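Asker: Just so you know, the sequences run in chain order A and B. Each residue of the first sequence is one higher than the one before, counting from 0 in numbering that gives the first Met the number 0. Each residue of the second sequence is one higher than the one before, counting from 0 in numbering that gives the first Met the number 0. Glycine is no exception: its CB is placed at the ideal position from the N, C-alpha and C atoms. Every value quoted in this text rests on a predicted model; they were computed, and no experiment measured them.
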Amino acid sequence: MEQYEPDRLSPAHLAALRRSFRNGRAAMTRRSVLRASAGGALTLGGLGALSGCGIPAAGKSQGGVSADDHSAKEKVVNFSNWPEYIDVDDSGKHRPTLDAFRKQTGIAVTYTEDINDNDEFFGKIQPQLAAGQDTGRDLIVCTDWLAARMIRLGYVQKLDASNLPHAFANLSDQFRSPDWDPGRAYSYVWQGISTVVAYNKKALDGVEVKSVSDLLDNPKLKGRVGLLTEMRDTVGMTMLDMGKDPAKFTDDDYDAVIARLQKAVDRGQIRRFTGNDYTSDLSKGDLAACVAWGGDIVQLQADNPDVAYVIPDSGYMTSTDNLLIPNKARHKTNAERLIDYYYQPEPAAELAAYVNYVSPVADVKPYLTKIDKTAADNPLILPDKAMAAKSHAFRSLSPKEETAYQAKFAKLTGA
Amino acid sequence: MATLTEAPPPLSPTAPATKPPRKRGRLTPYWLLLPGLLWLVVFFALPMIYQASTSVQTGSLEQGYKVTWHLATYWDALTEYWPQFLRSVLYAGAATVLCLVLGYPLAYLIAFRAGRWRNLIMILVIAPFFTSFLIRTLAWKTILADGGPVVGALNTLHVLDVTSWLGWTAGDRVLATPLAVVCGLTYNFLPFMVLPLYTSLERIDGRLHEAAGDLYAKPSTTFRRVTFPLSMPGVVSGTLLTFIPAAGDYVNAELLGSTDTRMIGNVIQTQFLRVLDYPTAAALSFILMAAILLMVTFYIRRSGTEDLV
Chain A
0 MEQYEPDRLS
10 PAHLAALRRS
20 FRNGRAAMTR
30 RSVLRASAGG
40 ALTLGGLGAL
50 SGCGIPAAGK
60 SQGGVSADDH
70 SAKEKVVNFS
80 NWPEYIDVDD
90 SGKHRPTLDA
100 FRKQTGIAVT
110 YTEDINDNDE
120 FFGKIQPQLA
130 AGQDTGRDLI
140 VCTDWLAARM
150 IRLGYVQKLD
160 ASNLPHAFAN
170 LSDQFRSPDW
180 DPGRAYSYVW
190 QGISTVVAYN
200 KKALDGVEVK
210 SVSDLLDNPK
220 LKGRVGLLTE
230 MRDTVGMTML
240 DMGKDPAKFT
250 DDDYDAVIAR
260 LQKAVDRGQI
270 RRFTGNDYTS
280 DLSKGDLAAC
290 VAWGGDIVQL
300 QADNPDVAYV
310 IPDSGYMTST
320 DNLLIPNKAR
330 HKTNAERLID
340 YYYQPEPAAE
350 LAAYVNYVSP
360 VADVKPYLTK
370 IDKTAADNPL
380 ILPDKAMAAK
390 SHAFRSLSPK
400 EETAYQAKFA
410 KLTGA
Chain B
0 MATLTEAPPP
10 LSPTAPATKP
20 PRKRGRLTPY
30 WLLLPGLLWL
40 VVFFALPMIY
50 QASTSVQTGS
60 LEQGYKVTWH
70 LATYWDALTE
80 YWPQFLRSVL
90 YAGAATVLCL
100 VLGYPLAYLI
110 AFRAGRWRNL
120 IMILVIAPFF
130 TSFLIRTLAW
140 KTILADGGPV
150 VGALNTLHVL
160 DVTSWLGWTA
170 GDRVLATPLA
180 VVCGLTYNFL
190 PFMVLPLYTS
200 LERIDGRLHE
210 AAGDLYAKPS
220 TTFRRVTFPL
230 SMPGVVSGTL
240 LTFIPAAGDY
250 VNAELLGSTD
260 TRMIGNVIQT
270 QFLRVLDYPT
280 AAALSFILMA
290 AILLMVTFYI
300 RRSGTEDLV
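Structure (C-alpha cells):
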C-alpha cells in the first residue's frame with residue numbers, strides 16, 4: 000500500500016481502488032460462491048420446500064406478460080442491479096448518470112442493488128414470476144445464460160423497438176445477435192465481461208504463460224493454477240484452446256474438454272475452482288496463473304503491478320450482463336427509456352469510466368477519452384479491433400444440456 | 000402436577016368459582032409450549048416434509064417437479080457421492096479428535112488452574128465469534144499462504160515432507176490440501192468443544208480431587224478415575240456439537256480445499272444451485288442426516304451417557 004498515491008492515479012483507477020475496499024459487484028460479491036450459497040441455498044431450499052408436493056412448471060414457452068403500463072402517470076422506474084455496478088460520485092450519495100436521466104426525462108429511478116448472484120436472484124424472483132405476479136421491479140440485470148433462461152421460460156417482456164432508437168443504433172456489433180435472443184428482442188447489454196488468462200509475474204518467476212494449454216500442461220505451475228467455477232468461462236476458454244468453437248459444439252466436444260480438464264485436475268495441476276475470490280489468491284501469488292475476468296484484472300493492476308493478463312491466440316470468451324423487463328412490470332416504457340438512455344455515448348462513457356467492464360456501446364471511445372484516457376486505451380474496457388476479433392460467446396444450451404453439462408462440470412470440480 | 004390438578008369433585012355450589020383458574024393452570028404448560036412448538040413446526044417440521052417430498056420428485060425446472068416416489072434417487076446419490084460422504088465423516092472426525100485434544104487441556108486449565116485469569120481466557124475463547132465465520136476462514140488463507148512464514152517454517156523443518164508422504168498436503172504447500180481443511184474445521188469449531196467441556200469440568204467438586212489424593216491416588220490416576228469420567232457429559236456434548244456441524248460444513252472445504260477435498264456440503268450446494276437437481280440435493284441432505292443420526296445414536300449408546308446428556 001505504500002504505493003498509494005492518489006494524485007498519480009487516474010479516476011478510473013481511483014474508482015477501482017475505492018471499489019476494491021468495499022464489498023462490491025466487482026470486488027467480492029459477484030458470483031461469489033459463498034454469498035451465493037448462504038443466501039441462495041436458503042432461498043432455493045425454501046423455494047423447493049414451499050412448493051411442496053410438486054414444483055409447478057416454470058411458465059409459458061415464449062412471450063411474456065405485460066401489465067397495464069403506468070409509465071405515463073407514474074414517472075418512476077424500479078431498477079435492480081448488482082452492487083457497485085454503476086457510477087457514483089465522490090460523496091457516494093449521487094449517481095450522476097441516473098441524475099442526468101431524471102433531468103432529461105423527468106423519470107425518477109429507484110435504484111436497488113439487490114442482485115448478488117444469478118442463481119440466488121433467480122431463486123428469489125422465480126416464485127413470483129411463475130405465479131404471474133409483479134416482482135416490483137421494472138428492470139433487472141442478469142448474466143446471459145440466466146437471461147436466456149428467463150426468455151425461454153417466458154418470464155420477461157418483449158421490448159418495444161420504437162422506444163429504443165439509440166440502443167438499436169449504438170449496440171456494438173459483437174453483442175448484436177446472441178443465439179438466445181436474436182436481434183435483441185428481449186434484452187440489451189448492460190456491460191460485457193471478457194474472460195482472459197491472467198498471471199502474477201512474480202509468482203511465475205520466468206515461466207511463460209500464453210494460453211490455456213500452458214495453464215493445464217506446464218509442470219512448473221503444478222498446484223498453482225486456478226480455473227473458474229463459472230462453467231461457460233472455464234469450458235469455453237479450454238474449448239477455444241482445443242480449436243473448437245464454443246458457439247457451436249457437440250456433446251462429444253464438451254466431453255473432450257471435460258476429459259482434458261479432468262487430466263489436469265488428476266495431475267494436481269489445478270489448485271482450485273474459484274468464484275471471484277481468485278483475485279486475492281492471484282494478487283498474493285498463491286495462484287501463479289488463472290482464468291480470470293477482465294474487470295477484476297483492471298482493478299487488481301491498480302493495486303498490484305505484478306498482475307498481468309494475456310489474450311490467448313486461440314481467442315477469449317465474452318459474456319454479458321443484460322437488462323431485462325420482467326413480466327407484469329408497471330413501468331415498461333420508462334424502463335425502455337432508461338435502457339435507451341445508457342446507449343447514448345455520453346452516459347455510456349461515464350459508466351465505462353467508473354465500472355471497468357466492457358462497454359456495449361459502439362463509438363464510445365472519443366467520449367471516454369475525454370473523461371479518462373487510460374481507460375479508453377485499455378482493451379479490457381474498450382476492446383480494440385484486433386481483440387474484438389478474437390471474442391467468442393458460449394452457445395445457448397437446451398434445459399437438458401444445461402443440466403447434463405453442469406452435472407459433468409460439477410463432477411470435475413470435485414462435487 | 001398431575002396429582003395437584005386431579006381435584007376431587009366439588010362438594011358445594013361455591014366450588015365452581017375456584018375452578019376456572021385451575022383449568023387454566025392445567026393448560027398453562029401447553030400455552031407456554033406453543034411459541035416453541037409453532038417455531039418447530041414452521042421452521043423445522045414443514046421444511047423437513049417439503050424436503051422429503053422434493054427428494055422423491057422427478058422432473059425439471061421447465062416441466063415442473065412431481066412426486067413420483069422415485070426412491071432410486073437415494074441409491075444413485077449414494078453410489079455417486081459416497082467418496083464425499085466418507086470424506087466428510089473422516090474430516091469431521093479428525094477435526095473433532097483434534098478439537099478434543101486441544102480443547103480438553105484448555106478447558107481443564109480454565110476450570111481448575113486459571114484463577115483470576117479465568118474470565119479473560121473464556122472471553123478469548125469466545126472472541127472469534129465476534130467476527131464473521133467467513134472472515135475467520137479467509138484469515139487462514141493468509142496465515143497458510145504459500146510464501147508465508149508458517150509454510151516456510153514447516154518446510155524448513157521438513158514437516159511438509161512427512162505430511163506430503165502421508166497424503167495430507169501436496170508438495171510444499173498447505174493451502175488447498177486436506178490438512179488445511181481439517182485445520183480450518185478444527186479452528187472454527189474449537190469453541191463448541193471447549194465450552195461444554197468447561198461447564199462439566201467446572202461443576203466437579205474440588206473435594207473429590209482431595210479425596211482421591213487422600214486415598215493415595217496419583218494425579219494421573221485421579222484424572223483417569225475421577226476427573227475424566229465426571230467430565231464425560233462435556234466430552235459427549237462437545238464432540239457432538241463439533242462433529243455434527245463439521246460434517247455438513249462446506250465453507251472450509253470451499254475456501255481452504257481443492258477439488259479432491261470437497262465434502263458432502265459442497266455437493267449439496269452445487270446440486271441445488273448450479274446443476275438445479277433439487278431431488279438429488281434433497282436426497283443427499285436426508286442421507287447425511289440419517290447417517291449422522293445413526294452415528295450419534297451409536298456413539299451415545301457406546302459411551303453410555305444417555306442419562307448424563
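Between ALA385 of chain A and PRO398 of chain A, what straight-line distance do the alpha-carbon atoms span, to the nearest angstrom?
Answerer: On the first sequence, position 386 is the one that residue 385 of chain A refers to. On the first sequence, position 399 is the one that residue 398 of chain A refers to. Spanning the two alpha carbons is a distance of roughly 34 Å.
Asker: To the nearest angstrom, how far is it from the Cα of VAL169 of chain B to the Cα of ILE286 of chain B?
Answerer: Against the second sequence, residue 169 of chain B aligns to sequence position 170. Against the second sequence, residue 286 of chain B aligns to sequence position 287. Contrary to the premise, residue 169 of chain B reads as Ala rather than Val in this sequence. Roughly 31 Å between the two C-alpha positions.
Asker: Counting contacts by CB-CB distance shorter than 8 Å, is LYS283 of chain A in contact with chain B?
Answerer: The residue labelled residue 283 of chain A in the question sits at position 284 within the first sequence. With 8 Å as the cut-off, LYS283 of chain A counts as an interface residue toward chain B.
Asker: Closest Cβ-Cβ distance between ALA290 of chain B and chain A: below 8 Å?
Answerer: Along the second sequence, read from residue 1 onward, the residue named residue 290 of chain B stands at position 291. Taking Cβ atoms only, chain A never reaches closer than 8 Å to ALA290 of chain B, which makes this a no.
Asker: Pull up the distance between the alpha-carbon of HIS165 of chain A and that of ASN187 of chain B, whole angstroms please.
Answerer: Your numbering for residue 165 of chain A matches position 166 in the first sequence. Your numbering for residue 187 of chain B matches position 188 in the second sequence. Approximately 54 Å, taken between the alpha carbons.
Asker: Could you tell me the distance, in whole angstroms, from the CA atom of LEU158 of chain A to the CA atom of ARG172 of chain B?
Answerer: If you number the first sequence from 1, residue 158 of chain A lands on position 159. If you number the second sequence from 1, residue 172 of chain B lands on position 173. Taking the straight line joining both Cα atoms gives about 53 Å.
Asker: Can you pull the DSSP bridge partners for ASN321 of chain A?
Answerer: Within the first sequence, the letter at position 322 stands for residue 321 of chain A. Answer is A:CYS141, A:VAL188.
Asker: From the beta carbon of SER302 of chain B, is the nearest beta carbon of chain A less than 8 Å away?
Answerer: Position 303 of the second sequence, counted from the start, is the residue given in the question as residue 302 of chain B. SER302 of chain B does not count as touching chain A.
Asker: Would you give the residue range spanned by the beta strand (DSSP E) that ALA388 of chain A belongs to?
Answerer: Position 389 of the first sequence, counting from 1, holds the residue named residue 388 of chain A. First-last for ALA388 of chain A: undefined, no H or E at that position.
Asker: PHE271 of chain B bridges to which residues according to DSSP?
Answerer: One-based indexing of the second sequence puts residue 271 of chain B at position 272. PHE271 of chain B pairs with nothing; no bridge assigned.
Asker: Applying a beta-carbon distance threshold of less than 7 Å, which residues of chain B neighbour GLY267 of chain A?
Answerer: Walking along the first sequence from the start, residue 267 of chain A turns up at place 268. Correct list: ALA169.
Asker: In this structure, does DSSP put GLY225 of chain A in helix, strand or coil?
Answerer: As a working mapping, residue 225 of chain A is identified with position 226 in the first sequence. GLY225 of chain A: strand per DSSP, three-state reduction.
Asker: Please state whether DSSP places ALA66 of chain A in a helix, a strand or coil.
Answerer: One-based indexing of the first sequence puts residue 66 of chain A at position 67. ALA66 of chain A: coil per DSSP, three-state reduction.
Asker: With a CB to CB cut of under 7 Å and the five nearest residues on each side skipped, what residues in its chain are close to LEU145 of chain A?
Answerer: The residue labelled residue 145 of chain A in the question sits at position 146 within the first sequence. ASN117, PHE121, listed in sequence order.
Asker: Quickly, what does DSSP pair VAL75 of chain A with across the bridge? List them, please.
Answerer: Within the first sequence, residue 75 of chain A is the residue found at index 76, counting from 1. In DSSP, VAL75 of chain A forms a bridge with A:ALA107.
Asker: Which residue marks the beginning of the beta strand (DSSP E) containing ARG271 of chain A, and which one marks its end?
Answerer: For the purposes of this step, residue 271 of chain A is identified with residue 272 of the first sequence, where counting begins at 1. 269-273 is the extent of the beta strand (DSSP E) around ARG271 of chain A.
Asker: Against chain A, with Cβ distances strictly below 8 Å, would GLY247 of chain B count as a contact?
Answerer: Counting from one through the second sequence, the residue named residue 247 of chain B turns up at place 248. No, GLY247 of chain B does not count as interfacial toward chain A.
Asker: Could you tell me whether any Cβ in chain B is nearer than 8 Å to the Cβ of GLN127 of chain A?
Answerer: Numbered from 1 along the first sequence, position 128 holds the residue referred to as residue 127 of chain A. No Cβ of chain B is located within less than 8 Å of the beta carbon of GLN127 of chain A.
Asker: Does MET262 of chain B come out as helix, strand or coil in the three-state DSSP assignment?
Answerer: On the second sequence, residue 262 of chain B is found 263 positions in, with the first residue counted as 1. Looking at MET262 of chain B - three-state DSSP - the assignment turns out to be coil, as it is neither helix nor strand.
Asker: Any chance the segment 175-189 of chain A sits against the segment 285-293 of chain A, with 3 or more Cβ pairs inside 8 Å?
Answerer: Result no; under three Cβ-Cβ pairs closer than 8 Å.
Asker: If you run the structure through DSSP and keep just helix, strand and coil, what is ALA291 of chain A?
Answerer: As a working mapping, residue 291 of chain A is identified with position 292 in the first sequence. Note: ALA291 of chain A maps to strand in three-state DSSP.
Asker: Kindly indicate if chain A contains any beta-carbon less than 8 Å away from that of THR296 of chain B.
Answerer: Translated into the one-based positions of the second sequence, residue 296 of chain B becomes position 297. Output row for THR296 of chain B: interface = no.
Asker: Taking GLY63 of chain B as part of the beta strand (DSSP E), name the residues at either end of that continuous run.
Answerer: In the second sequence, counting from the first residue as 1, residue 63 of chain B sits at position 64. From DSSP, the beta strand (DSSP E) with GLY63 of chain B extends over 63-66.
Asker: Does ALA40 of chain A have its Cβ less than 8 Å from a Cβ in chain B?
Answerer: Locating residue 40 of chain A in the first sequence gives position 41, where the first residue counts as 1. At ALA40 of chain A the pLDDT is 40, less than 50, meaning the model places this residue with poor confidence; the figure from the coordinates comes in the next sentence. Chain B contact via Cβ: present.
Asker: What number of angstroms, rounded off, separates the C-alpha of ALA94 of chain B from the C-alpha of LEU200 of chain B?
Answerer: Here residue 94 of chain B corresponds to residue number 95 of the second sequence, with the count starting at 1. Here residue 200 of chain B corresponds to residue number 201 of the second sequence, with the count starting at 1. Rounded to the nearest angstrom, the two C-alpha atoms are 22 Å apart.
Asker: Could you list which residues in chain A have their beta carbon closer than 7 Å to that of ALA144 of chain B, in chain order?
Answerer: For this step, residue 144 of chain B is matched to residue 145 along the second sequence. Neighbours of ALA144 of chain B on chain A, chain order: LYS283, ASP285.
Asker: Beta carbon of THR104 of chain A, beta carbon of ASN77 of chain A: below 8 Å?
Answerer: Taking the first residue of the first sequence as position 1, residue 104 of chain A is located at position 105. Taking the first residue of the first sequence as position 1, residue 77 of chain A is located at position 78. For THR104 of chain A and ASN77 of chain A, no; Cβs fall outside 8 Å.
Asker: Less than 8 Å between CB atoms is the rule here; does ASN187 of chain B satisfy it with respect to chain A?
Answerer: Residue mapping note: residue 187 of chain B aligns to position 188 of the second sequence, counting from 1. Cβ-Cβ to chain A under 8 Å: no for ASN187 of chain B.
Asker: Please state if the CB of GLN62 of chain B and the CB of SER284 of chain B are separated by a distance shorter than 8 Å.
Answerer: Walking along the second sequence from the start, residue 284 of chain B turns up at place 285. Walking along the second sequence from the start, residue 62 of chain B turns up at place 63. No, the pair does not count as a contact, with Cβ atoms beyond the cut-off.
Asker: In whole angstroms, what is the alpha-carbon distance linking ARG151 of chain A and LYS92 of chain A?
Answerer: For the purposes of this step, residue 151 of chain A is taken as residue 152 along the first sequence, with counting starting at 1. For the purposes of this step, residue 92 of chain A is taken as residue 93 along the first sequence, with counting starting at 1. Cα to Cα, the separation comes out at about 37 Å.
Asker: Just mark GLU335 of chain A as buried or exposed, buried being the case when its beta carbon has 16 or more other beta carbons within 10 Å.
Answerer: Locating residue 335 of chain A in the first sequence gives position 336, counting from the first residue. Buried, by the Cβ-count rule.
Asker: Closest to LYS331 of chain A by C-alpha separation, out of A:LEU367, A:ALA160, A:LYS221, A:PRO177, would be which residue?
Answerer: Looking up residue 331 of chain A in the first sequence gives position 332. The shortest C-alpha separation from LYS331 of chain A is found at A:ALA160.
Asker: How big is the Cα-Cα spacing for LEU220 of chain A and GLN268 of chain A?
Answerer: Sequence index remark: in the first sequence, residue 220 of chain A carries index 221 (1-based). Sequence index remark: in the first sequence, residue 268 of chain A carries index 269 (1-based). Straight-line measurement puts the Cα of GLN268 of chain A at about 7 Å from the Cα of LEU220 of chain A.
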